[in-house]
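Below is one structure, written out as structure tokens, with a few remarks after it.
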Amino acid sequence: MAHEDAGHYGAKHSGEKIDTAIADEIHEKEKDGRISCAAAHRIAQKKGCSPKMVGMNIDLLEKRIYRCQLGLFGHGTKKGKAVDPSPVVAPVLKKAIADAMDGDRISCEAAWAVANRLKLAKIEVSNACETLKIKICHCQLGAF
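The sequence shown runs 1470 to 1613 under this note's numbering.
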């Protein structure tokens, strides 16, 4: 959901209920009504649930997610992005991204897998995608 949707994030989860155990963790980690992508993923790991479940609870609590680990939003500059096109994309990275794509896009989860497989920072994959004009979709937390 976009910035202008602030205060209405829960609307996309009609009929869903807040999981109090996850909510307690979110409240513990949030600062100024925001929680980082990394903190949200740590909560999912700690609670043994999907990042999507944590993201839904963040939405239901009307909190904002910031500092996307792929650099796509919540960084306060360049329309909130931290992504910079790579001057050169190594052939092995280009192939790994192409192999992980679904149609003309790559999912957040697949981009993370490419980074892990090639032992790269997640932002390096995002930077390569920016250079290659490939959109990253399906945030694991449900933010986009």
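Every residue gets a Cβ at the ideal spot worked out from N, C-alpha and C, and that includes glycine. For clarity, every value in this text was computed on a predicted model and none was experimentally measured.
**Prompt:** Which term fits P1556, buried or exposed, when burial requires 16 or more other beta carbons within 10 angstroms of its beta carbon?
**Reply:** Residue 1556 sits at position 87 when you count from the first residue of the sequence shown. Exposed: under 16 other Cβ atoms inside 10 Å.
**Request:** From the DSSP output, in three-state form, read off C1606 for me.
**Result:** Indexing the sequence shown from 1 puts residue 1606 at position 137. C1606: strand per DSSP, three-state reduction.
**Asked** Assuming A1569 and A1579 make a contact with CB atoms under 8 Å, what is their CB distance in whole Å?
**Response** Stepping through the sequence shown from its first residue, residue 1569 is reached at position 100. Stepping through the sequence shown from its first residue, residue 1579 is reached at position 110. So it is a contact: roughly 4 Å between Cβ atoms.
**Asked** Beta-carbon separation of V1552 and N1585 under 7 Å?
**Response** The residue given as residue 1552 occupies position 83 in the sequence shown. The residue given as residue 1585 occupies position 116 in the sequence shown. No; because the gap between Cβ atoms is not below 7 Å, this pair is not in contact.
**Own chain partners of H1544 with C-beta closer than 8 Å, once the 5 adjacent residues on each side are dropped** = Here residue 1544 corresponds to residue number 75 of the sequence shown, with the count starting at 1. These residues qualify, in order along the chain: Y1535, R1536, C1537, K1550, A1551.
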